Every structure is written in structure tokens, then in C-alpha cells.
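2 protein chains.
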Amino acid sequence: MLIRTPADLGAVIRDRRRQLKLDQAAFAKRIGVSRQWVIEFERGHPRAELGLVLRALGALNIRVDVGVDVELTTRRRAHGAVDINAIVDKAKRLGHDQ
Amino acid sequence: MLIRTPADLGAVIRDRRRQLKLDQAAFAKRIGVSRQWVIEFERGHPRAELGLVLRALGALNIRVDVGVDVELTTRRRAHGAVDINAIVDKAKRLGHDQ
DNA sequence: CGGAAATGTCAGCGTTCGATTACATGATTG
DNA sequence: CAATCATGTAATCGAACGCTGACATTTCCG
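Written as C-alpha cells, this is what we have:
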């Protein structure tokens, strides 16, 4: 999923956390933050600390990829799958904006 | 590129900023932070605010993608784009597990 | 229904962010 | 060399983070 805002990330994490059947307390403990933090972050807190965010993502096995727009930064996927995503992404971009 | 730590992100941004021939001051101004912030962030500051980080990435036209390992979670796009990704992802998922 | 579990809210508190300002070092170039 | 620009360092300071702990609310089953 394409991330644009902190709220996007919060939603992703919440979904994933539930998918893994973790409650906020267990999740918080696992990444070493308070339950409060989880609540605020899932709500899209824009000032959450980067390090904690990355820990949270890692704990849920969520991959973070960054790459420049069109050229360069070819990405490979975790499992030797098709790179159809790359193709699709490129197509979408050309068809839309930026 | 796969992001694991704040330092990874700092490096990406620094590279990209230079690629675009922006100095720290101009870059900082563009995203509405102090030059100090840029310095610390490029150095890998782990407690940088998520919102500012995303703004910085956006200002440099760096995409941020997140996704679960093999299975994936998402649907829900920011702007009405094709959901081919979802389809592809689902297909991949069916082929693998869960 | 009733109670437990999960989630959300509130209020204090120490710590630290990020802005600001000023100066120091580095690199480039005339 | 000297001037200029880019980058790094330092110190102050208000604002906000994230933690703790207690309570409220919602959700979920027996």
C-alpha cells in the first residue's frame, strides 16, 4: 500500500495487528512501547517517533519500501515473485499524476 | 529500497536531495522545517516526527510502500486508482499460504 | 443479564523534539 | 588568498512526546 500520511500507517498497522490476533497491550509490549502509544499511533498521530514506528512495522512483518518516482530504484520483492507490481505501478503513475 | 532503520531513511533522503541539487536550507524550507532538522534526520535521528518525515519524502517525490511479507493486508487506496495491486496480491497470496 | 476483556480517555511528569540564533569548519572558486 | 556557499556544532526554550496509572466505554461470550 502506498503511504501518504501518518493515518495511512496507523490504519495499516491496526489492520495487521488484528490480523495477527494481537491486542493493543500485547502488541505494545512486543515493540516496547506503552499501550497509549499504540492507541495514538493507530489513530494517526503525526508526531510519533520514527524509530518506534519502524519497530512497530517490523514487529508485524510489514515491509517498508521507498523508491523514487519513475526511473531507478528497481525494487525486488521478498519472495522471488513477479515484478508485476512494478509494472503496474509505473503504468498507474504515467496515467495519473506527478 | 527496503527500509529497516531511521538511518536508512536518512541516507535515502540525503541521496535524493543531492540528486535534485537541493542544499539543506532549500530543502528544509520546502518542507517547512529547520535546517537543523534536516541535518539530524539525514544523520538518522530515530525520534524524528513521522509527519515531518513523510513530508520530506513527499517533497522529494519518494514513494513509500508498505506491505506484508507474502500475504498482504490492504485494500483501500488514497485516490481512485486501479486496484490491480489488490488482485495481484491476492493471487499471490492464494498461491502461498493462509 | 453479567462479567471479563479490549479499547479509549484523562491527568500528571520527566524527557526531548524542533525552532532559533550564532558561530565553526569545509569546500569551491574568483 | 579571500570570499562565498554548504554543512556541522552549540545553547536556549517552549511545546509535545511517551510513560504511568486510574477510570470510562465498548465489545464479546458464557
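Top to bottom, those sequences are chains G and Y. Number 89 in numbering that gives the first Met the number 0 belongs to position 90 of the first sequence; there are no gaps in the numbering. Number 72 in numbering that gives the first Met the number 0 belongs to position 73 of the second sequence; there are no gaps in the numbering. We treat Cβ as the ideally placed atom computed from N, Cα and C, and that holds for glycine. Keep in mind it's a predicted model, so treat the numbers as computed, not measured.
Residue i, buried or exposed, once every other Cβ within 10 Å from all chains shown has been counted against 16
{"i": "residue 38(G)", "result": "exposed"}
{"i": "residue 46(G)", "result": "exposed"}
{"i": "residue 99(Y)", "result": "It is not possible to answer for residue 99(Y), since the shown part of chain Y is limited to 0 through 97."}
{"i": "residue 1(Y)", "result": "exposed"}
{"i": "residue 64(G)", "result": "buried"}
{"i": "residue 7(G)", "result": "buried"}
{"i": "residue 90(Y)", "result": "Because the pLDDT at residue 90(Y) is just 34, under 50, the model does not fix this residue reliably, and the value given afterwards should be weighed accordingly. Under this definition residue 90(Y) is an exposed residue."}
C-beta contact flag for residue i and residue j at 8 Å
{"i": "residue 32(G)", "j": "residue 49(G)", "result": "no"}
{"i": "residue 40(G)", "j": "residue 58(G)", "result": "no"}
{"i": "residue 61(Y)", "j": "residue 15(Y)", "result": "yes"}
{"i": "residue 25(Y)", "j": "residue 36(Y)", "result": "no"}
{"i": "residue 34(Y)", "j": "residue 9(Y)", "result": "no"}
Residue nearest to residue i in terms of C-alpha spacing, selected from the options
{"i": "residue 44(Y)", "options": "30(Y), 12(Y) and 21(Y)", "result": "12(Y)"}
{"i": "residue 4(G)", "options": "66(Y), 53(Y) and 19(Y)", "result": "53(Y)"}
Residue i: contacting residues in chain Y (beta-carbon distance under 9 Å)
{"i": "residue 47(G)", "result": "48, 49 and 50"}
Contact list for residue i against chain Y, beta-carbon separation under 7 Å
{"i": "residue 67(G)", "result": "15, 60 and 61"}
{"i": "residue 21(G)", "result": "Chain Y residues near residue 21(G): none, gap ~13 Å exceeds 7 Å."}
Under 8 Å from the C-beta of residue i: neighbouring residues of chain G
{"i": "residue 32(Y)", "result": "Simply none; closest approach about 13 Å."}
{"i": "residue 11(Y)", "result": "65"}
>> Please give me, in chain order, every unbroken run of the alpha helix (DSSP H) with length at least 4 that falls completely inside the stretch 10–62 of chain Y.
In response: 23–30, 34–41 and 49–58
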